[in-house]
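Novice: After the structure tokens below, expect a handful of questions from me.
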Amino acid sequence: MKFVDEFRAPEVIAKTCKEIKRLSDPNRHYRIMEVCGGHTHAIYRFGLKDLLPSNIELIHGPGCPVCVLPMGRIDDGLAIAQQPDVIFAAFGDMMRVPGTHGSPLEHKARGMDVRIVYSPADALKLAQTNPDKHVMFFAIGFETTAPSTALTLMRAQSQGTHNFSVFCNHVTIIPAIRAILDSPDMRLDAFIGPGHVSTVIGCRPYEWIAKKENKPVAVSGFEPLDILQSIVMVLRQLKGEEAKIENQYKRVVPWEGNSAALRAMAEVFELRPYFEWRGLGFISQSALRIRSSYAEWDSEQRFEVPGVRVTDPKAAQCGEVLKGVLKPHQCKLFGKECTPEHPIGALMVSSEGSCAAYFNYEHRKMEMVTSIAMPA
Amino acid sequence: MNAAVDPRSPQFQPETTVSSNARSETVPPALRFRDPQIEMAHGAGGKASRRLVEGLFAPLLFASSSEPLGDAAHLDFNGTRIAITTDSFVVKPLHFPGGSIGELAVNGTVNDLAVSGAKAEAMVVTYVLEAGLPTAVLEAEVRAMGNAARRAGIAIAGGDTKVVEHGKADFMYITTTGIGRPLPGVKIDPGSVRAGDKILLSGAIGDHGITILLARGELDLEADLRSDTRSVFPLVEAMVRVAGPGIRWMRDPTRGGVATSLNELARDCGLGMVLTEEAIPMHDAVRGACELLGLDPLHIANEGQFLAVVAPEYADAALNALNLSPGGADAQIIGEVREQPGGAVLVTTGYGGSRIVDMLVGDPLPRIC
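Top to bottom, those sequences are chains P and X. Here the first sequence is numbered in the numbering used here, starting from 14 and rising by one per residue. Here the second sequence is numbered in the numbering used here, starting from 18 and rising by one per residue.
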């Protein structure tokens with residue numbers, strides 16, 4: 014299949030792995046953070062850890078939008094949907110994320126009108142075909158999905174659709190990376206930069222990471238070869254004792270980003286003074302809210318929102334895992350109280366969450382005694 | 018899913034003495050199913066479904082709840098062996114490229130019997146219809162059932178009809194119960210699976226599940242795909258003819274897909290199922306849709322394929338028989354049974370990575386962000 018098989022070709026992958034081995038110093042331990050949840054998923058799905066020398070450690074970053082959302086926001090969204098004639102619309106990613114009294118899917122089983130949509134535009138269409146209902150779109154995501162929410166709100170305004178609103182949980186990636194770097198218990202050597210976010214914001218916003226923090230960054234695609242090449246890029250920089258931003262994902266990511274998408278975001282959204290992130294706490298100017306010119310389509314302004322802060326279950330160590338301080342299996346609840354079937358924290362829900370990825374693809378491999386060779 | 022009912026259990030042979038594993042009515046069996054309410058996931062064929070069946074239905078209904086669950090139960094009435102299975106069909110939309118609910122209902126029943134090692138002989142059908150259903154729609158599905166039954170050589174012996182109020186069902190639901198005659202010399206038993214056995218797959222996976230997903234029209238995706246619904250009995254029969262004694266286990270990987278079926282086998286026999294990713298036959302459209310939507314093709318439903326675990330000395334003959342049969346050209350040996358990873362399914366990739374593939378958890382939900 015085009016655009017897939019080229020990036021999984023065994024001989025090229027073998028060559029790249031050899032290059033990784035050559036560039037890495039066996040006496041040094043490398044800690045490389047993949048920021049994006051999509052990368053975490055790919056690393057486990059493709060079993061890339063099997064291909065890397067043991068002294069290269071991949072640390073899972075905060076770039077899973079479902080995972081960083083505090084439980085209180087889910088409760089708020091579900092509280093709005095409990096009002097009469099409201100349809101709760103969200104991406105499939107959100108459906109199993111636990112709120113205090115269950116996930117959207119569990120609410121649906123109890124009778125709430127919950128719909129899975131594949132884009133915010135579909136949610137708007139849903140409103141237009143259900144004029145006697147109010148459709149609330151539960152918006153999540155980094156800069157990857159924010160532009161499509163913005164364009165949908167612009168369309169709702171221009172088409173005069175008044176039974177539609179957005180509960181905005183969009184967050185921005187740069188403050189999260191800054192919070193990680195400011196965290197005293199975090200030592201990192203380099204970053205594998207987010208791919209899809211960068212299609213929108215470009216590469217320039219990462220430059221401070223190289224200049225001020227002296228850490229290499231390679232903005233990366235999501236295929237096995239993309240990720241391995243990005244590791245080559247940062248290792249080469251580390252070997253040469255330099256730090257710059259490299260764009261491995263050139264086929265999709267323009268250096269300057271996507272100006273039309275950025276304009277749409279600027280038209281509809283403004284920065285919140287602060288926003289709570291699961292695990293990282295309150296981060297200033299790290300999330301988007303809907304401008305007053307679109308207030309009519311802002312669920313938070315149209316409805317009473319309880320706005321209660323809900324702390325994660327005490328024993329759950331989602332925060333430490335999100336920051337990369339703990340590996341998923343080092344959490345006390347991992348695989349015991351907290352499993353993909355009965356998730357306590359969102360990291361166990363989303364396929365981009367490091368706990369779910371680790372649980373699904375990895376952890377039983379650890380229990381294996383003998384090494385696995387290919388079947389004959 | 019049906020428990021392999023113990024032929025000695027009292028309800029089938031009332032005259033004989035009560036078998037040792039029949040439960041006394043005064044001691045309620047311990048239920049392990051603790052979920053507070055039924056969710057869609059309990060019907061999705063994955064982990065939650067298994068928990069429901071093993072934790073609630075099996076202890077309360079089956080004479081022996083410790084038996085592995087098969088696709089059909091094989092009963093022995095004083096020497097006369099009969100295979101029996103039942104299934105419900107609630108697919109939406111009713112019509113999709115390559116098939117419809119009526120055809121699915123027949124083929125699904127025939128296939129459950131086939132992979133238990135039996136030839137379907139007769140079935141009964143229950144229709145649950147929603148008031149307001151256009152007769153033309155019903156007629157089309159009844160015709161589709163008749164045609165599929167004739168093709169598969171199964172007699173439809175009777176049925177029942179219920180009508181519920183408008184809005185209480187999705188047009189129509191169909192429930193079938195089929196009986197079949199066990200093929201001589203075939204014994205399907207997860208306990209007989211051994212390390213070194215080969216895992217065969219009858220053809221390309223994921224066609225049905227992805228076709229249905231696209232036919233719902235919620236995604237603006239189009240692909241030249243058709244459901245794979247068909248009777249797999251001719252393929253099973255061809256394989257049995259040359260490799261009958263070597264066949265240890267078969268299953269049609271419907272809801273939950275290949276990954277769920279093989280995980281169930283891995284748990285039942287305690288061994289590891291090691292698959293070679295490149296060997297798994299799949300159409301590009303399915304692969305592409307799964308890549309786009311973030312789904313694992315190994316979790317996608319099939320309606321016209323089956324998996325078989327075959328002793329190594331019979332594997333080539335079995336594969337050859339499949340490849341030479343009409344509709345079996347894409348059959349492949351996709352992996353083998355190993356001691357490790359015990360109780361799990363491992364997929365190895367051409368470039369040296371590997372991953373554990375678990376059962377489906379919940380419904381397959383497309384990943385967007």
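Where a beta carbon is used, it is the ideal one built from N, C-alpha and C, also for glycine.
Apart from the five residues on each side of it in sequence, which residues of its chain come closer than 7 Å, Cβ to Cβ, to Leu284(P)?
Specialist: So the list reads Gln298 and Leu301, once near-sequence residues are dropped.
Novice: Can you list the residues of chain X that Met361(P) reaches, using a CB-CB cut of under 8 Å?
Specialist: Ordered by position in chain X, no residue passes the 8 Å Cβ test against Met361(P), which lies about 10 Å from the chain.
Novice: If you drop the 5 nearest sequence neighbours on each side, which residues of the same chain put their C-beta closer than 7 Å to that of Cys386(X)?
Specialist: Residue confidence is low: Cys386(X) scores 46 on pLDDT, short of 50, so the model does not pin down where it sits. No coordinate-derived value is stated.
Novice: Any heavy atom of the ligand ZN within a distance shorter than 7 Å of the CB on Ile244(P)?
Specialist: Looking for the ligand ZN in the displayed structure turns up nothing, as the structure carries no ligands at all.
Novice: Report, in whole angstroms, the separation of the C-beta atoms of Arg258(X) and Val327(X), which I expect to be a contact under 8 Å.
Specialist: Going by Cβ atoms, the distance from Arg258(X) to Val327(X) rounds to 13 Å, so no, they are not a contact pair.
Novice: With 16 other CB atoms within 10 Å as the buried threshold, where does Asp375(X) fall?
Specialist: Buried, since its Cβ has 16 or more Cβ neighbours within 10 Å.
Novice: Exposed or buried, what is Asp269(X) when buried is set at 16 or more other beta-carbons lying within 10 Å of its beta-carbon?
Specialist: Asp269(X) should be labelled buried.
Novice: Helix, strand or coil: which one does DSSP assign to Ser116(P)?
Specialist: Coil at Ser116(P), not helix or strand.
Novice: Quick one: which unbroken beta strand (DSSP E) runs of 3-plus residues sit fully inside the segment 347-380 of chain X? Chain order, please.
Specialist: As far as the segment 347-380 of chain X is concerned, its whole beta strand (DSSP E) runs of at least 3 residues are 349-355, 362-365 and 371-373.
Novice: Give a yes or no on whether the minimum CB-CB distance between Ile99(X) and chain P is below 8 Å.
Specialist: So, not an interface residue.
Novice: Going by C-alpha to C-alpha distance, which of Val210(P), Asn176(P) and Gly124(P) sits closest to Glu56(X)?
Specialist: The candidate whose alpha carbon is nearest that of Glu56(X) is Gly124(P).
Novice: List the residues of chain P whose Cβ lies closer than 7 Å to the Cβ of Tyr331(X), in chain order.
Specialist: Going along chain P, no residue has its Cβ under 7 Å from Tyr331(X), so there is no contact; the nearest lies around 16 Å.
Novice: Mind listing the chain X neighbours of Asp63(P)? Cutoff is C-beta to C-beta under 8 Å, in chain order.
Specialist: Correct list: Gly369, Gly370 and Ser371.
Novice: So, with DSSP's three-state summary, where would you put Ser41(X)?
Specialist: Note on Ser41(X): pLDDT 47, under 50, position unreliable in the model; the coordinate value appears next. Coil at Ser41(X), not helix or strand.
Novice: Tell me which residue opens and which closes the alpha helix (DSSP H) that Arg86(P) is part of.
Specialist: Met84 to Ala94 is the span of the alpha helix (DSSP H), which, as asked, contains Arg86(P).
Novice: For Pro358(X), count the other beta carbons within 10 Å of its own beta carbon; 16 or more makes it buried, fewer makes it exposed. Which is it?
Specialist: The residue in question, Pro358(X), is buried, as its Cβ has 16 or more Cβ neighbours within 10 Å.
Novice: CB Pro251(X) to CB Ser342(X), shorter than 8 Å?
Specialist: Contact flag set, yes.
Novice: Provide the residue(s) that pair with Arg276(P) in DSSP beta bridges, ordered along the chain.
Specialist: Arg276(P) is not bridged to any residue.
Novice: Could you give the first and the last residue of the continuous alpha helix (DSSP H) run that contains Thr143(X)?
Specialist: Unbroken run through Thr143(X) is the beta strand (DSSP E), Ala135 to Glu147; no alpha helix (DSSP H).
Novice: Please list, in chain order, all residues of the same chain as Leu360(P) whose beta carbon is under 8 Å from its beta carbon, the five residues on each side excluded.
Specialist: Excluding sequence neighbours, Leu360(P) sits near Cys77, Cys80, Cys331, Val334, Leu335, Pro341, Gly366, Ser367, Cys368 and Ala369.
Novice: The segment 226-254 of chain X: which residues have C-beta closer than 7 Å to a C-beta of chain P, in chain order?
Specialist: Within the segment 226-254 of chain X, the residues whose Cβ lies closer than 7 Å to some Cβ of chain P are Glu235 and Leu236, listed in chain order.
Novice: What separation, rounded to the nearest whole angstrom, lies between the Cα atoms of Arg40(X) and Leu86(X)?
Specialist: The predicted model places Arg40(X) with a pLDDT of 45, which falls under 50 and marks its position as unreliable, so this point remains unresolved.
Novice: With DSSP collapsed to three states, give me the class of Ile187(P).
Specialist: Ile187(P): helix per DSSP, three-state reduction.
Novice: Chain P beta carbons: is any one of them nearer than 8 Å to that of Ala318(X)?
Specialist: Answer no: the Cβ-Cβ gap between Ala318(X) and chain P never drops below 8 Å.
Novice: Does DSSP classify Ser384(P) as helix, strand or coil?
Specialist: Confidence in Ser384(P) is poor, its pLDDT being 39 and thus under 50, which makes the residue's placement unreliable; the coordinate value appears in the next sentence. It is coil, neither helix nor strand.
Novice: Where do the ends of the alpha helix (DSSP H) carrying Asn260(P) lie?
Specialist: Premise fails: Asn260(P) lies in the beta strand (DSSP E), Ile258 to Asn260, not in any alpha helix (DSSP H).
Novice: Among Trp310(P), Pro356(P) and Pro326(P), whose alpha-carbon lies nearest the alpha-carbon of Ala140(P)?
Specialist: Among Trp310(P), Pro356(P) and Pro326(P), the Cα nearest to that of Ala140(P) is on Trp310(P).
Novice: Which runs of the beta strand (DSSP E) spanning at least 3 residues fall entirely within the segment 153-229 of chain P, listed in chain order?
Specialist: Whole beta strand (DSSP E) segments, 3+ residues: 177-183 and 203-206.
Novice: Taking C-beta pairs closer than 7 Å, name the residues in chain P that Val378(X) reaches, listed in chain order.
Specialist: Those are Pro353 and Glu354, listed as they occur along chain P.
Novice: Rounded to a whole number of angstroms, what is the C-alpha to C-alpha distance between Leu137(P) and Ala159(P)?
Specialist: Spanning the two alpha carbons is a distance of roughly 15 Å.
Novice: What did DSSP end up calling Met107(P) once you bin it into helix, strand or coil?
Specialist: Looking at Met107(P) - three-state DSSP - the assignment turns out to be helix.
Novice: Would you decide whether Thr7(X) is buried or exposed? Buried here means 16 or more other CB atoms lie within 10 Å of its CB.
Specialist: Here chain X covers residues 18 to 386 and nothing more, so residue 7(X) does not appear.
Novice: Under a Cβ-count criterion, where at least 16 other Cβ atoms within 10 Å of its own Cβ denotes burial, should Asn124(X) be classed as buried or exposed?
Specialist: Flag for Asn124(X) reads buried.
Novice: Within the continuous alpha helix (DSSP H) that includes Ser219(X), where are the two ends?
Specialist: Per DSSP, Ser219(X) belongs to no alpha helix (DSSP H) and is neither H nor E.
Novice: Between the Cα of Asn176(P) and those of Leu293(P), Thr185(P), Phe288(P) and Phe150(P), spot the shortest distance and give me the residue it belongs to.
Specialist: Selected option, being the one with the closest Cα: Phe150(P).
Novice: At a Cβ threshold of 8 Å, is Pro111(P) touching chain X?
Specialist: No, because no Cβ of chain X sits closer than 8 Å to the Cβ of Pro111(P).
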